[in-house]
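**Q**
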Amino acid sequence: MSNTLTDVSPNDIITHIEQNFSHAQVTGLNCLIFLSMREQTTVAFQHEELDFDDIPRQIVIWCDGLDVDDLLELATRITAGLLDDLLETGTQVLYDLLDEVTATALSTKSAQAASDAASKLLESGK
1 MSNTLTDVSP NDIITHIEQN FSHAQVTGLN CLIFLSMREQ TTVAFQHEEL DFDDIPRQIV
61 IWCDGLDVDD LLELATRITA GLLDDLLETG TQVLYDLLDE VTATALSTKS AQAASDAASK
121 LLESGK
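Take the sequence shown: its letters are residues 1 to 126, numbered as in our numbering.
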């Protein structure tokens with residue numbers, strides 16, 4: 001649903017932040033949205049109150065132009081995106097850790113095999 005004041009929908013805002021925002025900005029915008037809902041204020045009020053100057057004023061205006069349902073949809077979609085990023089990062093960390101453990105195990109196994117071979121050579125030379 002698009003709002004008539006600015007003709008901007010949650011999809012438009014999501015597209016803009018995906019293309020232009022850092023992770024910190026996305027998180028900050030979501031905080032402003034949820035705080036405005038909790039405190040029953042505008043996103044602009046929270047933006048000024050908390051001095052999140054890295055979030056463009058135009059995005060704040062677009063958010064305040066949404067009705068409550070669209071604003072909640074936007075916040076929910078932002079949250080889902082942040083969770084997806086977190087899961088992706090966590091999964092990559094686990095894969096990296098598994099690679100390290102595997103490399104260490106292979107290195108240890110190779111070192112043990114070399115040690116065994118050296119011991120056999122020493123024993124055969126006696």
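We put the CB at the ideal spot given by N, CA and C, even for glycine.
These numbers come from a predicted model, not from an experiment.
Of the choices Leu32, Ser124 and Gln25, whose alpha-carbon is the least far from that of Leu72?
**A** Along the sequence shown, one-based indexing puts residue 72 at 72. If we check each option's Cα against that of Leu72, Leu32 comes out closest.
**Q** How is Thr79 classed by DSSP in three states: helix, strand or coil?
**A** Residue mapping note: residue 79 aligns to position 79 of the sequence shown, counting from 1. Helix, per DSSP.
**Q** Can you find the residues in the same chain that come closer than 6 angstroms, C-beta to C-beta, to Gly90, ignoring five residues on each side of it along the sequence?
**A** Position 90 of the sequence shown, counting from 1, holds the residue named residue 90. Cβ neighbours of Gly90 beyond the five flanking positions: none.
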